[in-house]
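Structure, as structure tokens:
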Amino acid sequence: MRKREVFPRNTGLNAGVFLRLPAIEGVDRQARLSGRLLGANLREVMRLSPPVGTVEISQKANHLVSITNAARSGLVVPADRAAEMFDEIVAWEFQQVRDDRDPFAVSFAKNFNDTIRLAAGYVLTVAVVPAMRAEQRTVERARALIAFIRRAQSWTSMQALPHFLASAVEVTADVISIVRAGLLGSDSQQVGSAAQAIVGRAELVRNGTLPQLPQALVERLMATIEVRRVFGLTAMLAAALKLLTLDFLGAEDIKRLTETISEIRGVRYEDIALNTMEAVSASLVRAECVKLAVALKDRVADDEALLAWIDEAKSDPLPEVRFSLTQPAEDHPE
């Protein structure tokens, strides 16, 4: 007799929400959801098989996103299954269509690849790598992850790298290199993930897992923020705020950061061309600057620019800037 379904299928809902919803008495939500999400072979989930269509892409992407969100809601991933999932994910290659003369199929495949490599990085970072035992985070797997990041341009997977450093110290230089290069990338996702990888490493230092945060990473972050490139600037400012609250910024770093956000304040909305990337992110950048100003004002003596940021934010025409005066830092900037 077929077991009765506890969780509805084909609802379009992210399956992770079921951990937060009431269930029928006697039903083990963890076990049922684990069976649905973790029982699938991710090689198959991440494979694009004909016919190519939006429904298939959506279902496959939703499966990966559901794993991430369920892990954030408390789904326990067994270590051995996590190691298997890791190997399944990093083996992924860009998916191709049989007939590259079909523009619709090519477009679907590109959309699928972009969606999968993004979602896979969050699965690795949130659900898979933290669940693996130290002895499973080997040098070979660390190198496989680095190769996957570069081959698939799965920039979000960079955030999983710090978890390998305690047990695979041989890749430390490679990890520093890929993160530093990421901060200079031309893709906002790449820059943001590199910045978040630095924060992740700092958190592992703070909890005693790693011995130190290399100053070279902090220096590169500060220097890249000073250049004020549009790509990933919001994420880099958010990372700087997190490092500040974790006490990883020295006096010189704080001075440079204060000067940079003072310069950003000089750029008014009316000075930004409407059809540019800067226009898209201008309010978000200003919101992060306001958060930094609030955090810095008690650490910097007599800095009128910080107080001016706070004062102007109260009447900023855009709500995200006004709300930033009381909004806590995001744990998951993605």
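Residue 189 in the UniProt record's numbering is what sits at position 189 of the sequence shown, and the numbering runs on without skipping anything.
Using N, Cα and C, we set each Cβ at its ideal position, and we do this for glycine too.
Would you mind reading off the limits of the alpha helix (DSSP H) that contains residue i?
i, result
"Y269", "Run containing Y269: none; DSSP gives neither H nor E here."
"Q59", "54-72"
"V294", "277-296"
"K242", "233-245"
"F94", "No alpha helix (DSSP H) holds F94; DSSP gives it neither H nor E."
"M85", "79-90"
"T224", "215-227"
"A308", "304-313"
"A31", "29-38"
"R299", "Counting along the chain, R299 falls outside any alpha helix (DSSP H), and DSSP gives it neither H nor E."
"R47", "Premise fails: R47 is in no alpha helix (DSSP H) and is neither H nor E."
"G250", "Segment: none, G250 is in no alpha helix (DSSP H) and carries neither H nor E."
"E320", "319-323"
"E203", "188-206"
Which same chain residues end up closer than 7 Å to residue i when comparing Cβ atoms and leaving out the 5 residues on each side of it in sequence?
i, result
"A152", "W92, F94, R117"
"E320", "S283, L284, A287"
Using the C-alpha atoms, what's the distance from residue j back to residue i?
i, j, result
"V129", "A142", "10 Å"
"L257", "E226", "8 Å"
"residue 370", "K60", "Because the chain is modelled from 1 through 334, residue 370 falls outside the range shown and cannot be assessed."
"R265", "I176", "31 Å"
"S73", "E270", "42 Å"
"T209", "R137", "14 Å"
"A83", "L145", "12 Å"
"L213", "H63", "34 Å"
"Q190", "G232", "8 Å"
"I261", "V267", "10 Å"
"P162", "R29", "31 Å"
"A273", "V218", "31 Å"
"D174", "R150", "12 Å"
"H332", "E44", "For H332, the predicted structure reports a pLDDT of 46, less than 50, and the residue's modelled location is therefore unreliable. A value from the coordinates is still provided. Those two C-alpha atoms are separated by around 28 Å."
"L325", "D316", "11 Å"
"R299", "Q96", "53 Å"
For residue i, which residues from the same chain have a beta carbon less than 6 Å from its beta carbon, with the 5 sequence-adjacent residues on both sides left out?
i, result
"I310", "A293"
"E304", "none"
"Q196", "Q159"
"T234", "S281, L284, V285, E288"
"D253", "M222"
"F248", "A202, L213"
"V77", "A127, A131"
"L204", "P162, L210"
With respect to 7 Å, is the separation between the Cβ of residue i and the closest non-hydrogen atom of the ligand ADP below this value?
i, result
"L183", "In terms of ligand content, the structure shown is empty, and the ligand ADP therefore cannot be addressed."
- Item | Completely contained alpha helix (DSSP H) runs for the segment 99-171, where each covers 4 or more residues | 103-122, 139-152
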